[in-house]
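Asker:
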Amino acid sequence: MDSVGNHNQDRNHGRSIVPITQTMDGMGCLKMKELKGNGAGLKLSRRLSALAEWVPQGARFADIGTDHALLPVYLAQQGQISYAVAGDVHAGPVEAAKRQVSEAGLEEVVSVRLGDGMSVLSPGEVDTVTIAGMGGSLMARILDQAGDRLNGVRTLVLSPHVAEDAVRRWLVKHHFVLDREMLLEEDGIIYTLMRAVRSSDPSEAKESHARLYDEKTLAPAIAKISSALMYDMGPLLLRHPTEQFLRKWEEEIAKRERVILQLKHATAPEAAEKAREWEEDVREIREVLSCLPVEKRSSN
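With full-length UniProt numbering, letter number 127 in the sequence shown gets 127, and the count goes up by one each step, no holes.
1) In this structure, how does DSSP classify G65 when only helix, strand and coil are distinguished?
2) As a quick exercise: from I225, A76, R113 and D187, pick the residue whose alpha carbon is nearest that of V89.
3) In the segment 35 to 123, which residue ranges form an unbroken beta strand (DSSP E) of at least 3 residues, counting only runs that do not cross its ends?
4) With R198 and F176 assumed to form a contact (beta carbons below 8 Å), what rounded beta-carbon distance in angstroms separates them?
5) Going by other Cβ atoms of all chains shown within 10 Å of its Cβ, with 16 needed for buried, is D214 buried or exposed?
6) Measuring alpha carbon to alpha carbon, tell me which of L237, L218, E186 and V172 ends up nearest E207.
7) Straight-line CA distance for T192 to E243?
8) State the DSSP-derived secondary structure class of Q22, mapped to helix, strand or coil.
9) Whole angstroms is fine: what's the gap from V162's alpha carbon to R47's?
10) Using DSSP with H/G/I as helix, E/B as strand and the rest coil, what is L292?
11) DSSP three-state label for E181, please.
12) Please report the residue range of the alpha helix (DSSP H) in which S203 lies.
13) Which residues in the same chain as R239 place their Cβ atom closer than 8 Å to its Cβ, once the five residues preceding and following it in sequence are excluded?
14) Nearest-angstrom Cα distance between E103 and A76?
15) Keeping to the same chain, check which residues put their C-beta closer than 8 Å to that of E183; ignore five residues upstream and five downstream.
16) Name the DSSP bridge partner or partners of A196?
17) According to DSSP, is M32 part of a helix, a strand, or is it coil?
18) Counting only the same chain and skipping the five closest in sequence on each side, list residues whose C-beta sits under 7 Å from that of L106.
19) Please report the Cβ distance between G115 and G152, rounded to the nearest whole angstrom; I am assuming they are in contact, meaning their Cβ atoms lie under 8 Å.
20) Given E250, which residues of its chain have a CB within under 8 Å of its CB, disregarding the five upstream and five downstream residues?
Structural data, given as structure tokens:
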């Protein structure tokens, strides 16, 4: 990091960075010209591009588990964020991220930090956080351990690759209301993407979640669905099922059936009961999929 970055670290315990608006000339043009000359042609994967579209304009942004800092660098080059923190728990990705930021000429805009989860942030430093590329249970743990570092955070843009229900439950508990959910297929893998916005009024958040997870709002398409399965499948995805949604859950059924087969061959006394629970789970998933409107089964 250059002398400006080191100065910022000393000033606020390694947490502050210079907003992009402070790096422009008097006409507000210098930094954008510099960005165009320093790798502004950065291309993102389809998944990261979709996540980028959900980041609010002018956001004070943090990318947790940033790897090579592709997302914050891209967003800064597009003028979509005012500044960014790129955090990762591993030294290798942090060094790669620093090189990426340096090559883009963005050391004054993107601060790369080594640390676990959201420990790289100060309370109130950012208003938008992205976490992607990890399981939902770990993602929920990172959010749980954030504490007051979530102060000021209004928007969460998330992409858990398993255990999405753990993330949705965390959002409900902490008054973040889902306003976007989508499935995106890339390189043969179907990814879940979601965005949630914090409600300033807990009672309003409670009402929003009651509507969001109310099975009656899915009628007449789905006569009955358990709360647990709605958290698994996603309330907004259920309202607008796509080809990817159907294929994802057909694959989930296949996985569960393999587990059931293994349980039926197991000798442990609890295996038979566990197999029956999984069979009930599969039955409910099949019933829900069979009720989805035929006209919504095409890919979009």
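All residues carry an ideal CB built from backbone N, CA and C; glycine is no exception. None of the values given here were measured: they were computed from a predicted structure.
Answerer: Taking the definition as stated:
1) Counted from its first residue, the sequence shown places residue 65 at position 65. Residue state, collapsed to three classes: coil.
2) As a position in the sequence shown, residue 89 is number 89, starting the count at 1. For the residues I225, A76, R113 and D187, the minimum Cα distance to V89 belongs to R113.
3) 59 to 64, 81 to 88 and 110 to 114
4) As a position in the sequence shown, residue 198 is number 198, starting the count at 1. As a position in the sequence shown, residue 176 is number 176, starting the count at 1. Confirmed, about 5 Å.
5) On the sequence shown, residue 214 is found 214 positions in, with the first residue counted as 1. Under this definition D214 is an exposed residue.
6) Taking the sequence shown and counting its residues from 1, one reaches residue 207 at position 207. Checked all of L237, L218, E186 and V172; the closest Cα to E207 is V172.
7) Sequence index remark: in the sequence shown, residue 192 carries index 192 (1-based). Sequence index remark: in the sequence shown, residue 243 carries index 243 (1-based). Using only the alpha carbons, I get a separation of about 14 Å.
8) Taking the first residue of the sequence shown as position 1, residue 22 is located at position 22. Here Q22 scores only 37 on pLDDT, less than 50, and its place in the model should not be relied on; the value that follows carries that caveat. Note: Q22 maps to helix in three-state DSSP.
9) As a first step, residue 162 is located in the sequence shown; it is residue number 162 there, counting from the start. As a first step, residue 47 is located in the sequence shown; it is residue number 47 there, counting from the start. Roughly 15 Å between the two C-alpha positions.
10) Counting from 1 along the sequence shown, the entry for residue 292 is found at position 292. Here L292 sits in coil by DSSP.
11) Counting from one through the sequence shown, the residue named residue 181 turns up at place 181. Three-state result, E181: strand.
12) Counting from one through the sequence shown, the residue named residue 203 turns up at place 203. Looking at the DSSP string, the run of the alpha helix (DSSP H) that includes S203 is P202 to L212.
13) Here residue 239 refers to the residue found at position 239 when the sequence shown is read from its first residue. Result list for R239: T217 and L218, in chain order.
14) As a first step, residue 103 is located in the sequence shown; it is residue number 103 there, counting from the start. As a first step, residue 76 is located in the sequence shown; it is residue number 76 there, counting from the start. Rounded to whole angstroms, E103 to A76 spans 13 Å at the Cα level.
15) The residue you call residue 183 lines up with position 183 of the sequence shown. Going by the sequence as given, residue 183 is Leu instead of Glu. Cβ within range, chain order: I190, Y191, T192, L193, L237, T242, Q244, F245 and K248.
16) Within the sequence shown, the letter at position 196 stands for residue 196. Paired residues: L156 and L178.
17) Position 32 of the sequence shown holds residue 32. Here M32 scores only 34 on pLDDT, less than 50, and its place in the model should not be relied on; the value that follows carries that caveat. Residue state, collapsed to three classes: helix.
18) Locating residue 106 in the sequence shown gives position 106, counting from the first residue. Only V73 and A76 meet the Cβ criterion.
19) Numbered from 1 along the sequence shown, position 115 holds the residue referred to as residue 115. Numbered from 1 along the sequence shown, position 152 holds the residue referred to as residue 152. Actually they do not touch by this definition, with Cβ atoms about 18 Å apart.
20) Locating residue 250 in the sequence shown gives position 250, where the first residue counts as 1. For E250, where only same-chain residues beyond five positions count, the Cβ hits under 8 Å are L289.
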